[in-house]
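Asker:
Protein chains: 2
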Amino acid sequence: MPSIKVAILGFGTVGEGVYRILQEKREEIKISTGFTVDVVSILVKDKAKERLPITGANYTDDIQDILGNPEIDVVFEAIVGEEPAYTYLSDAIEKGCHIITANKKMFAKHGPALLKHAEFRDVKVGFEATTAGGVPIIRTVSNLLIGDRIKRIQGILNGTSNFILTKMRDEGFSFKSALSLAQQSGYAEADPADDVNGTDAFRKLMILSTLAFGRQPDWEDVPVVGIDHLESADSNDASKVDLRYRHVADIWEDEKGKLQATVGPVLIGADHPLFNIDGVDNAVIVDTEYLGSLTLVGPGAGMYPTGSAMIADLLHIIRQHEAVLVPN
Amino acid sequence: MPSIKVAILGFGTVGEGVYRILQEKREEIKISTGFTVDVVSILVKDKAKERLPITGANYTDDIQDILGNPEIDVVFEAIVGEEPAYTYLSDAIEKGCHIITANKKMFAKHGPALLKHAEFRDVKVGFEATTAGGVPIIRTVSNLLIGDRIKRIQGILNGTSNFILTKMRDEGFSFKSALSLAQQSGYAEADPADDVNGTDAFRKLMILSTLAFGRQPDWEDVPVVGIDHLESADSNDASKVDLRYRHVADIWEDEKGKLQATVGPVLIGADHPLFNIDGVDNAVIVDTEYLGSLTLVGPGAGMYPTGSAMIADLLHIIRQHEAVLVPN
Numbered sequence: 001m002p003s004i005k006v007a008i009l010g011f012g013t014v015g016e017g018v019y020r021i022l023q024e025k026r027e028e029i030k031i032s033t034g035f036t037v038d039v040v041s042i043l044v045k046d047k048a049k050e051r052l053p054i055t056g057a058n059y060t061d062d063i064q065d066i067l068g069n070p071e072i073d074v075v076f077e078a079i080v081g082e083e084p085a086y087t088y089l090s091d092a093i094e095k096g097c098h099i100i101t102a103n104k105k106m107f108a109k110h111g112p113a114l115l116k117h118a119e120f121r122d123v124k125v126g127f128e129a130t131t132a133g134g135v136p137i138i139r140t141v142s143n144l145l146i147g148d149r150i151k152r153i154q155g156i157l158n159g160t161s162n163f164i165l166t167k168m169r170d171e172g173f174s175f176k177s178a179l180s181l182a183q184q185s186g187y188a189e190a191d192p193a194d195d196v197n198g199t200d201a202f203r204k205l206m207i208l209s210t211l212a213f214g215r216q217p218d219w220e221d222v223p224v225v226g227i228d229h230l231e232s233a234d235s236n237d238a239s240k241v242d243l244r245y246r247h248v249a250d251i252w253e254d255e256k257g258k259l260q261a262t263v264g265p266v267l268i269g270a271d272h273p274l275f276n277i278d279g280v281d282n283a284v285i286v287d288t289e290y291l292g293s294l295t296l297v298g299p300g301a302g303m304y305p306t307g308s309a310m311i312a313d314l315l316h317i318i319r320q321h322e323a324v325l326v327p328n
Numbered sequence: 329m330p331s332i333k334v335a336i337l338g339f340g341t342v343g344e345g346v347y348r349i350l351q352e353k354r355e356e357i358k359i360s361t362g363f364t365v366d367v368v369s370i371l372v373k374d375k376a377k378e379r380l381p382i383t384g385a386n387y388t389d390d391i392q393d394i395l396g397n398p399e400i401d402v403v404f405e406a407i408v409g410e411e412p413a414y415t416y417l418s419d420a421i422e423k424g425c426h427i428i429t430a431n432k433k434m435f436a437k438h439g440p441a442l443l444k445h446a447e448f449r450d451v452k453v454g455f456e457a458t459t460a461g462g463v464p465i466i467r468t469v470s471n472l473l474i475g476d477r478i479k480r481i482q483g484i485l486n487g488t489s490n491f492i493l494t495k496m497r498d499e500g501f502s503f504k505s506a507l508s509l510a511q512q513s514g515y516a517e518a519d520p521a522d523d524v525n526g527t528d529a530f531r532k533l534m535i536l537s538t539l540a541f542g543r544q545p546d547w548e549d550v551p552v553v554g555i556d557h558l559e560s561a562d563s564n565d566a567s568k569v570d571l572r573y574r575h576v577a578d579i580w581e582d583e584k585g586k587l588q589a590t591v592g593p594v595l596i597g598a599d600h601p602l603f604n605i606d607g608v609d610n611a612v613i614v615d616t617e618y619l620g621s622l623t624l625v626g627p628g629a630g631m632y633p634t635g636s637a638m639i640a641d642l643l644h645i646i647r648q649h650e651a652v653l654v655p656n
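So the sequence lines, in the order shown, correspond to chains X and V.
Under our numbering, residues 1 to 328 are what the first sequence spells out, in order.
Under our numbering, residues 329 to 656 are what the second sequence spells out, in order.
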């Protein structure tokens, strides 16, 4: 049975989710693809920390253990922040590895360069997990692009903001107490600034822009507003007239073919497809030339949804590149 | 430039949509796949009827012009009804052609046999257009099955019924006058019985069952109820307590691993993901082991949505089977 060797960079919630699913689904993956998938190395910051016991793999704190290992076919990256993630993935591509990332901050900025580099080296880049968590928006847009044309994408791309807006409306929470609850529930980062000021949704929108339109607007031209100035009084006033605040990221091609984008709170009515999206769900509406309008709704985050998005990327790479992977 | 030769069986709305998109997207398909796609034959009932002028292809009323042509790689089928569609497609598979169908009535019943036959002959079967029109539910479920497990699928699978229910609720139409309007608007068949008595939604549910669970429940065990006994008074009563009737097809594996399914009108509240699905839209909710719950909403029918679903199937076949197709 041929084997695919993988490394995981980062072993937080997402990295551990990838590892667990690969173990749990080992037999099924073997049957459906004809390959065993073996995790050989896991990059961690602190090797001394007590962790999940793993069999057949090693924890390492030295990236060279991974980049210098010619056996490795695929690198999963679940680190936070631009660097060193970008450098590690560039180096992995250069070595001929396929890469699969969940790092939206890094990928919003460096995605275009990584995609170009990967094309040149004839390896694949999986980035489903960077955007809208478990909602398979990257795969769906990729598929729609075959034989159709994307005109506009709008969506609720930050589950934390949506959770806060839901609590403010449904239960009269202040912004501050809803944010605390999100943090206690594990939905918000220790530093939630990027979630609530719109930056996180903006990054995901830029990733979708690269995919759907092959380019991004100038970042400075995009107005980015968060939900951090909304008060529960605003939310109440909206409810009185049957409207709801949603934090919406929106990008479209104008008549001149120029990309226009906005990110911010929007008041919407009951007929709008985003009206009913509550809690930590994400939702994306894609308008195309032939299909019309397609809406996807699902969990915006979580160990298993994000991990399973990365495994789906792996399995697509296996299917597309069987010939490339066989030599191992 | 290598060429893929295709035939189209049936030239109603859907067949013509396929032809038009293939012409309009000819250059783009060439660039993205490296293949030109040439329609060589179109099967029609009546050759004498005046039709769209076509270049490079011939109208024929003899299926042997297509089955006997060894050049043809892919057969699109957009006929209505079980036969002769099933026989034609079986014969096409036997000749080594990939097939792409929009025929839900035929595929609900004969899909399992066609899929097995195609596997044996190492050709592909595209059936995205059989279920939920432009909503890419077949592709999405196929992708989810790689590395995840489907637990339940429920959805609004008949756009005509949903249009009628919307008109009854929103504008106080009687069932009969809403149905007439659907027919005038081109949303219902000349014989709308299968749409409004639940049969059409049932068939699509069985297609999803084959895909998601690898099997179907016994057809006789599935209660199938339509919307044809609902009165506008029922709809009004529901609205008074903020509920709405939706025609929902539902299938799930019970604790014993047995498939359970129901098709019929259901009263749902404002928090339900199907509450806001109005008009001719279709919606499908897929519950999985890892991802959680994913909802897709989009146009349930139409020349371009259905045609573009079939073109997407073609382009996936081209990508997966490049080696098989190259010899032409």
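For glycine and all other residues, C-beta sits at the position ideal for the given N, C-alpha and C.
(1) I believe residue 61 of chain X touches residue 47 of chain X by the beta-carbon criterion, under 8 Å. Please report the beta-carbon distance rounded to the nearest angstrom.
(2) Apart from the five residues on each side of it in sequence, which residues of its chain come closer than 8 Å, Cβ to Cβ, to residue 334 of chain V?
(3) Alpha carbon to alpha carbon, what distance is there between residue 529 of chain V and residue 628 of chain V?
(4) Can you tell me where the beta strand (DSSP E) with residue 77 of chain X in it begins and where it stops?
(5) Residues of the stretch 495-519 of chain V with a CB closer than 8 Å to any CB of chain X: list them in chain order, please.
(6) Does the contact criterion of 3 or more C-beta pairs under 8 Å hold for the stretch 490-501 of chain V versus the stretch 452-461 of chain V?
(7) So, does the CB of residue 13 of chain X fall closer than 8 Å to a CB anywhere in chain V?
(8) Pick helix, strand or coil for residue 9 of chain X, following the three-state DSSP scheme.
(9) Taking the alpha carbon of residue 435 of chain V as the point to measure from, which residue in V/426, V/423, V/453 and V/422 has its own alpha carbon closest?
(10) Any Cβ of chain V within less than 8 Å of the Cβ of residue 148 of chain X?
(11) How would you list, in chain order, the residues of chain V whose beta-carbon sits under 7 Å from the beta-carbon of residue 312 of chain X?
(12) Taking a cut of 7 Å between CB atoms, which residues from the stretch 608-629 of chain V lie near chain X?
(13) Alpha carbon to alpha carbon, what distance is there between residue 156 of chain X and residue 173 of chain X?
(14) Classify residue 120 of chain X: buried if its beta carbon has 16 or more other beta carbons within 10 angstroms, exposed otherwise.
(15) Identify each residue in the stretch 452-471 of chain V for which the Cβ-Cβ distance to at least one residue of chain X is less than 7 Å, and report them in chain order.
(16) List the endpoints of the continuous beta strand (DSSP E) containing residue 253 of chain X.
(17) Can you name the start and end residues of the beta strand (DSSP E) that residue 479 of chain V belongs to?
(18) Could you tell me whether the stretch 203-220 of chain X touches the stretch 268-276 of chain X, using the rule of 3 or more Cβ pairs below 8 Å?
(19) Looking only at DSSP bridge pairs, what is residue 98 of chain X linked to?
(20) Give a yes or no on whether the C-beta atoms belonging to residue 138 of chain X and residue 118 of chain X are separated by under 8 Å.
(21) With C-beta atoms as the reference, is residue 211 of chain X less than 8 Å away from residue 142 of chain X?
(22) Write down every uninterrupted run of the beta strand (DSSP E) in the stretch 197-221 of chain X whose length is 3 residues or greater and which is fully enclosed by it, in chain order.
(23) Grab me the residues of residue 497 of chain V's own chain with a C-beta within less than 7 Å of its C-beta, minus the 5 sequence neighbours each way, in chain order.
(24) Under DSSP, the beta strand (DSSP E) around residue 41 of chain X begins and ends at which residues?
(25) Let me make sure I understand the geometry here. Which of X/219, X/95, X/220 and X/85 has the alpha-carbon closest to that of residue 103 of chain X?
(26) Run through the DSSP bridge pairs and tell me what residue 407 of chain X is partnered with.
(27) Return the CA-CA distance between residue 226 of chain X and residue 439 of chain V, expressed in angstroms with no decimal places.
(28) Anything in chain V within Cβ reach of residue 273 of chain X, meaning under 8 Å, just list it in chain order.
(29) Given that residue 636 of chain V touches chain X, what residues does it touch there, using C-beta distances under 7 Å?
(30) Keeping to the same chain, check which residues put their C-beta closer than 8 Å to that of residue 26 of chain X; ignore five residues upstream and five downstream.
(31) Mind the definition here: the stretch 337-349 of chain V touches the stretch 618-637 of chain V only if three or more C-beta pairs lie below 8 Å; say whether that holds.
(32) Within a Cβ cutoff of 6 Å, which residues of the same chain sit near residue 339 of chain V, ignoring the five residues on either side of it in sequence?
(33) Given a threshold of 16 other Cβ atoms within 10 Å of its Cβ, counted over all protein chains shown, does residue 544 of chain V qualify as buried or as exposed?
(34) Could you tell me the distance, in whole angstroms, from the CA atom of residue 396 of chain V to the CA atom of residue 593 of chain V?
(35) Can you give the Cα-Cα distance for residue 617 of chain V and residue 512 of chain V, rounded to whole angstroms?
(36) Exposed or buried, what is residue 241 of chain X when buried is set at 16 or more other beta-carbons lying within 10 Å of its beta-carbon?
Answerer: Checking against the coordinates, here is how it stands:
(1) Taking the first residue of the first sequence as 1, we reach residue 61 of chain X at position 61. Taking the first residue of the first sequence as 1, we reach residue 47 of chain X at position 47. Indeed they touch by this definition, with Cβ atoms about 5 Å apart.
(2) If you number the second sequence from 1, residue 334 of chain V lands on position 6. Only 350, 365, 366, 367, 368, 400, 401, 402, 403, 404 and 642 meet the Cβ criterion.
(3) The residue you call residue 628 of chain V lines up with position 300 of the second sequence. The residue you call residue 529 of chain V lines up with position 201 of the second sequence. Roughly 11 Å separates the two Cα atoms.
(4) Here residue 77 of chain X corresponds to residue number 77 of the first sequence, with the count starting at 1. Where residue 77 of chain X is concerned, the enclosing beta strand (DSSP E) stretches over 74-77.
(5) Of all residues in the stretch 495-519 of chain V, none has a Cβ within less than 8 Å of some Cβ in chain X.
(6) no
(7) For the purposes of this step, residue 13 of chain X is identified with residue 13 of the first sequence, where counting begins at 1. Closer than 8 Å: no.
(8) Taking the first sequence and counting its residues from 1, the one referred to as residue 9 of chain X is at position 9. It is a strand residue.
(9) Position 107 of the second sequence, counting from 1, holds the residue named residue 435 of chain V. Cα-wise, what sits closest to residue 435 of chain V is V/453.
(10) In the first sequence, the residue the question calls residue 148 of chain X occupies position 148. So, interface residue.
(11) Along the first sequence, one-based indexing puts residue 312 of chain X at 312. Per Cβ cutoff of 7 Å: 471, 474 and 475.
(12) 618, 619, 620, 621, 622, 623, 624, 625, 626 and 627
(13) In the first sequence, residue 173 of chain X corresponds to position 173, counting from 1. In the first sequence, residue 156 of chain X corresponds to position 156, counting from 1. Those two C-alpha atoms are separated by around 20 Å.
(14) Numbered from 1 along the first sequence, position 120 holds the residue referred to as residue 120 of chain X. Label assigned to residue 120 of chain X: exposed.
(15) 462, 463, 464, 467, 468 and 471
(16) Working through the first sequence from its first residue, we reach residue 253 of chain X at position 253. 244-253 is the span of the beta strand (DSSP E), which, as asked, contains residue 253 of chain X.
(17) As a working note, residue 479 of chain V is residue 151 in the second sequence. First-last of the beta strand (DSSP E) with residue 479 of chain V: 478-484.
(18) Segments in contact, no.
(19) Indexing the first sequence from 1 puts residue 98 of chain X at position 98. DSSP lists X/74 as partners of residue 98 of chain X.
(20) Translated into the one-based positions of the first sequence, residue 138 of chain X becomes position 138. Translated into the one-based positions of the first sequence, residue 118 of chain X becomes position 118. It is not a contact, given that the beta carbons lie outside the stated cut-off.
(21) Along the first sequence, read from residue 1 onward, the residue named residue 211 of chain X stands at position 211. Along the first sequence, read from residue 1 onward, the residue named residue 142 of chain X stands at position 142. Closer than 8 Å, so yes.
(22) none
(23) The sequence position of residue 497 of chain V within the second sequence is 169, counting from 1. Residues of the same chain with a CB within less than 7 Å of the CB of residue 497 of chain V, apart from the 5 flanking positions on each side, are 563, 567 and 572 in chain order.
(24) By one-based count along the first sequence, residue 41 of chain X stands at place 41. Element bounds for residue 41 of chain X: 36-43.
(25) Counting from one through the first sequence, the residue named residue 103 of chain X turns up at place 103. It is X/85.
(26) The structure shown does not extend to residue 407 of chain X, since chain X spans only 1 to 328, so no value can be given for it.
(27) Your numbering for residue 226 of chain X matches position 226 in the first sequence. Your numbering for residue 439 of chain V matches position 111 in the second sequence. Roughly 49 Å separates the two Cα atoms.
(28) To locate residue 273 of chain X, count along the first sequence from 1; it is residue 273. Per Cβ cutoff of 8 Å: 604 and 625.
(29) For the purposes of this step, residue 636 of chain V is taken as residue 308 along the second sequence, with counting starting at 1. Correct list: 147, 148, 290 and 291.
(30) In the first sequence, counting from the first residue as 1, residue 26 of chain X sits at position 26. These residues qualify, in order along the chain: 36 and 37.
(31) As far as the Cβ criterion goes, the stretch 337-349 of chain V touches the stretch 618-637 of chain V, which means the pair count is three or higher.
(32) What you label residue 339 of chain V is simply residue 11 of the second sequence in a count that begins at 1. These residues qualify, in order along the chain: 370 and 372.
(33) Locating residue 544 of chain V in the second sequence gives position 216, where the first residue counts as 1. So residue 544 of chain V ends up on the buried side.
(34) In the second sequence, residue 396 of chain V corresponds to position 68, counting from 1. In the second sequence, residue 593 of chain V corresponds to position 265, counting from 1. Cα-Cα distance, rounded: 47 Å.
(35) In the second sequence, counting from the first residue as 1, residue 617 of chain V sits at position 289. In the second sequence, counting from the first residue as 1, residue 512 of chain V sits at position 184. Computed Cα separation, rounded: 43 Å.
(36) As a first step, residue 241 of chain X must be located in the first sequence, where it is residue number 241. Exposed, since its Cβ has fewer than 16 Cβ neighbours within 10 Å.
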